[in-house]
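Take a look at the structure set out below.
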Amino acid sequence: MRRIPPLGALRAFEAGARHLSFTRAATELRVTQAAISHQVRQLEDWLGVSLFDRRGHALTLTARGAAYLRELTPVFERMSEATTRLYAHEQGPLRITVLPSLAACWLLPRLERFRKQHPDIELHVNSSEALWDFLDDRFDVGIRSGLGRWTGLKAEPLAAEGLSPVCTPALAKRLRAPGDLEKVRLIHDTPKDGWRRWLDAAGVAGVDTERGPVFNDAGLALQAARLGDGVALGRLMLAADDLKAGRLVQPFKAVLPNDFSYWLVHPRPLTGRRDVAAFKAWVLEEARR
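The numbering of the sequence shown is full-length UniProt numbering, which starts it at 1 and goes up by one.
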């Protein structure tokens, strides 16, 4: 009979040891910090050894704890890979989760090209800002905006994000210099400080950035600009098709780099997932176009 401690206790130890933080382990496993601490104590009692040195708020591994982690890490990796291969054998639809604005403005206009290249892969697209738990929610791959650091996920850079004023060609005729933005309606998305940061970078003063409508979605802000409602501070990846088609123009060429970029995210093991690999290769190529 195998001597195996409770799996929940092993998961708590592995996450706590990897992060050297019960708080971060609790966030990853979506339980309380107290639950992680209790499960680790349960494991230490089961093994009869101390795995962590607890001194104040600092958490370090004992020599036995470090050795145990080295043994357990490849076991958890193999379990994760085995689960991924099992999903691959089931081979249902490829489930992707994408930011709403990016889905509407950038991904959907390009999906026909993916379908032509991979007619055997069925896509289920979820539009959401949330960073879902990929194992519990059964999403295979996602696109998110941020700094590229998400626990338990591999993040690959998709595109840097730049911000620049965009508007209809008709409205652009009224804008000869950035100071002329005071004469037109400014369209905002969230966070609302984008216009102030762009104007500061352009060395422009005297433009009231508090006025104008605010949208919680960058795609809606671009739609308002397409309708001639004002000038939006466009996210250039989202505005790319409108700019290429001439529906929108950049009255001024100054681009403000955004701290956040777009990232392709997925669980670390991809073994056996031909459909995920195909989507990953395709979307990275599309972003380079």
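Where is the CB? At the ideal position from N, CA and C, for every residue including glycine.
Fair warning: this is a prediction, and the values are worked out from it, not measured in the lab.
Using the three-state DSSP reduction, which class does Lys253 fall into: helix, strand or coil? Residue numbering aside, residue 253 sits at position 253 when the sequence shown is read from its first letter. In this structure, Lys253 counts as coil in the three-state DSSP scheme.
Tell me where the beta strand (DSSP E) around Phe52 begins and ends. The residue given as residue 52 occupies position 52 in the sequence shown. Note, Phe52: beta strand (DSSP E), Phe52 to Arg55.
What's the gap between the Cα of Leu107 and the Cα of Pro213? For this step, residue 107 is matched to residue 107 along the sequence shown. For this step, residue 213 is matched to residue 213 along the sequence shown. Approximately 26 Å, taken between the alpha carbons.
Taking the alpha carbon of Met237 as the point to measure from, which residue in Asn258, Ala224, Val231 and Gly230 has its own alpha carbon closest? Position 237 of the sequence shown holds residue 237. Checked all of Asn258, Ala224, Val231 and Gly230; the closest Cα to Met237 is Asn258.
Under 7 Å, do Thr190 and Gly142 count as touching if we go by C-beta distance? Walking along the sequence shown from the start, residue 190 turns up at place 190. Walking along the sequence shown from the start, residue 142 turns up at place 142. Pairing Thr190 with Gly142 gives a Cβ-Cβ distance that is not under 7 Å.
Counting Cβ pairs closer than 8 Å, one from the segment 198 to 206 and one from the segment 53 to 72, do we hit at least three? The segment 198 to 206, when compared against the segment 53 to 72, does not touch it at the 8 Å Cβ threshold.
If you draw a straight line from the alpha carbon of Glu77 to that of Ala221, how long is it in whole angstroms? Position 77 of the sequence shown holds residue 77. Position 221 of the sequence shown holds residue 221. Each residue's alpha carbon lies about 43 Å from the other.
Using DSSP's beta-bridge definition, name the partner residues of Ile4. Here the question's residue 4 lines up with position 4 in the sequence shown. DSSP lists no partner for Ile4.
Taking CB distances under 7 Å as the criterion, tell me whether Arg235 reaches chain B. In summary, chain B is missing from the structure at hand, where a single protein chain is found.
Hey, how far is the Cα of Gly162 from the Cα of Gly56? For this step, residue 162 is matched to residue 162 along the sequence shown. For this step, residue 56 is matched to residue 56 along the sequence shown. Roughly 44 Å between the two C-alpha positions.
So, with DSSP's three-state summary, where would you put Arg235? Indexing the sequence shown from 1 puts residue 235 at position 235. The answer is strand: DSSP assigns Arg235 an E or B state.
When we look at the beta-carbon of Ala63 and count the other beta-carbons within 10 Å, is it buried (16 or more) or exposed? Here residue 63 refers to the residue found at position 63 when the sequence shown is read from its first residue. With fewer than 16 other Cβ atoms within 10 Å, it is exposed.
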